[in-house]
Every structure is written in structure tokens, then in C-alpha cells.
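Chemist:
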Amino acid sequence: MAEGLKIDPALERWAAMRENTHLHFKWNSSNVRKSLFWGIAIPVGLTLLAFKTDRKWNFAGAQTKEDLTYEKN
36 MAEGLKIDPA
46 LERWAAMREN
56 THLHFKWNSS
66 NVRKSLFWGI
76 AIPVGLTLLA
86 FKTDRKWNFA
96 GAQTKEDLTY
106 EKN
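Every position in the sequence shown, counted from 1, becomes a number in this note's numbering once 35 is added.
Printed below as a string of C-alpha cells:
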């Protein structure tokens with residue numbers, strides 16, 4: 036019969052580090068670059084994209100063969 040699970044020490048070390056990442060985190064140049072990119076560049080880029088494409092298309096009540104862009108009067 037089965038005697039139970041064998042414990043893998045490498046997996047236990049990995050799990051302990053994963054559970055305590057806040058204790059082992061250190062700021063370095065790579066972390067700063069990634070934080071600035073994902074925390075500032077992406078939100079600013081998405082905001083600019085949203086403002087640039089605002090009111091560019093009209094999906095409200097469009098029929099099958101109608102153009103989705105606004106008509107220029």
C-alpha cells in the first residue's frame with residue numbers, strides 16, 4: 036500500500052519563498068523599470084488612446100450596411 040507523500044525539499048523552499056515574497060523583495064533597477072512601465076506608461080498610453088478615439092465610431096443603432104464612423108457635416 037501507499038506510504039504517503041514524499042516531501043520535495045526544493046518545492047518546500049520554493050513555496051516558502053513564494054509565501055514570503057514581501058519579506059525578500061528588494062528594489063533594483065529592473066524592478067524600478069518594470070514598476071514605472073506598468074504603473075505609469077501603460078495607464079498613460081491607454082488614457083491617450085481612449086481620448087484619441089473618443090467619439091470616433093458610432094455603434095448605437097447602426098444598421099448592417101451603415102458606416103460606423105461619424106458623418107462630417
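Note that CB positions come from ideal geometry on N, CA and C, so glycine has one too.
State the Cα-Cα distance for the pair Thr56 and Thr99, rounded to the nearest angstrom.
Modeler: Going by the C-alpha atoms only, they are around 53 angstroms apart.
Chemist: For Phe86, report the span of its alpha helix (DSSP H) as first-last.
Modeler: Counting along the chain, the alpha helix (DSSP H) containing Phe86 begins and ends at 77–87.
Chemist: Within the continuous alpha helix (DSSP H) that includes Lys69, where are the two ends?
Modeler: First-last of the alpha helix (DSSP H) with Lys69: 64–71.
Chemist: Would you kindly work out how many angstroms separate the C-alpha atoms of Glu101 and Arg90, rounded to a whole number?
Modeler: Rounded to the nearest angstrom, the two C-alpha atoms are 16 angstroms apart.
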